[in-house]
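Note sheet for the following structure.
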Amino acid sequence: MANWTDCLNFGISIAKQASEIVLSEFQQQKQVKLKSSPADLVTETDQRVEKILISAIRNKYPQHRFIGEESVAAGDRLELTDSPTWIIDPIDGTVNFVHRFPFVAVSIAFTVNKQTEFGIVYSCVEDKLFYAQRGRGAFLNGEPLHASGQEDVSKCVVVTEIGAERDDLALSTMTSNIFRLLKLPVHGIRALGTAAVDMCQVATGGADAYYHIGMHCWDIAASAIIVQEAGGVVIDTDGSEFDMMSRRVVAASSSAVANRIAQVVQAFPCRRDDEDPAGVCVEQQV
Ligand code: IPD
Ligand code: CA
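No gaps in the numbering here: position 54 of the sequence shown is 675 in the numbering used here, and each next residue is one more.
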């Protein structure tokens with residue numbers, strides 16, 4: 622069976638380089654463009670970092686394929702095949718990046734036969750490297766990660782976001798889901814502004830659950846395996862098996878908590894990431 626450790630190590634080294642570029646731009650004034658909504662932003666740094674990552678990987682692994690947030694926004698077809706595929710979010714938390722709110726991450730997942738082999742989330746400002754390899758555990762700066770194991774939803778801290786979808790149905794669904802979670806009750810709701818880092822909190826045990834609807838595969842592919850390898854559970858909000866293309870996720874400390882959250886939250890319709898035309902959007906200058 623293939624061992625993808627060399628690819629993982631290469632991914633970690635380029636994620637660190639990408640993080641240095643993100644950090645070097647963090648305090649600067651940015652030119653911002655809008656993509657699918659007034660809360661879906663892109664900067665020149667997102668695009669540049671993605672190009673640097675893809676060209677470094679392509680040089681080393683010319684046969685491998687890519688799904689990258691900014692390449693898809695520019696019109697690349699989003700298709701997950703059985704080939705080795707790198708799923709890249711060059712800056713997760715672009716709104717944070719633009720505002721200098723200190724949670725931004727480089728997120729890289731790697732799949733083979735549509736199964737995630739490893740995930741890397743580099744939280745740039747915190748200088749935290751989260752990673753996990755299938756069957757080999759999850760780590761933060763080299764130390765093993767363990768989800769909390771909490772089974773009682775009323776004792777949970779839940780991380781979530783409203784997200785970038787701003788039509789009435791999406792907004793009313795997401796805000797009423799927060800109400801439903803608070804009434805369960807849970808101990809608290811938190812949001813850091815990056816799906817990748819939000820979800821990694823479940824792997825650390827600092828949060829017990831994360832739920833979101835409307836994000837994309839590049840936001841959560843890496844952190845999903847990090848949660849699973851830390852002993853957590855990742856499912857769809859409809860209670861079925863996790864599907865990174867469905868744009869719905871619950872990550873939790875235990876099946877009991879994951880299922881309870883899936884029971885209470887409601888979904889709004891989102892086009893799947895792998896549905897045609899896939900996520901192509903026209904940038905607007907702001
Ligand atoms: C966004 C962030 C945010 C989540 C959105 C994502 P981006 O990604 O992960 O936390 O709520 O759904 O689109 O645009 O910053 O890469
Ligand atoms: Ca993202």
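Glycine included, C-beta positions come from ideal geometry on N, C-alpha and C.
Asked, Found
"Contact test: W839 Cβ vs ligand 2 heavy atom, cutoff 7 Å", "yes"
"Three or more C-beta pairs below 8 Å linking the segment 821-839 and the segment 763-783", "yes"
"Residue range of the alpha helix (DSSP H) that includes I856", "Premise fails: I856 lies in the beta strand (DSSP E), V854 to I856, not in any alpha helix (DSSP H)."
"Extent of the continuous beta strand (DSSP E) run through E646", "Taken as a continuous stretch (DSSP letters only), E646 belongs to no beta strand (DSSP E), being part of the alpha helix (DSSP H) at T626 to F647."
"Candidates D840, G860, T796 and S875, of which the one nearest I729 by Cα", "D840"
"Nearest-angstrom beta carbon gap, L629 and F739 [assumed within contact, 8 Å]", "5 Å"
"Any non-hydrogen atom of ligand 1 closer than 7 Å to G740 Cβ", "no"
"Rounded distance between the beta-carbons of N798 and Q668, thought under 8 Å", "Wrong, their Cβ atoms sit about 32 Å apart, outside the cutoff."
"Continuous beta strand (DSSP E) stretch holding V727: start and end", "A726 to V733"
"Same chain, Cβ closer than 6 Å to E690, five either side skipped, listed in chain order", "D710 and W839"
"Exposed unless 16 or more other CB atoms sit within 10 angstroms - verdict on G900", "In this prediction, G900 scores a pLDDT of 48, lower than 50, which makes its location untrustworthy; the coordinate-derived value is nonetheless stated afterwards. Buried is the call here."
"D894 CB to nearest heavy atom of ligand 3 below 7 Å", "Within the structure as shown, ligand 3 is missing, the only ligands being ligand 1 and ligand 2."
"At least three beta-carbon pairs within less than 8 Å, the segment 629-646 to the segment 762-778", "no"
"Distance cut-off 7 Å: V716 Cβ against heavy atoms of ligand 1", "yes"
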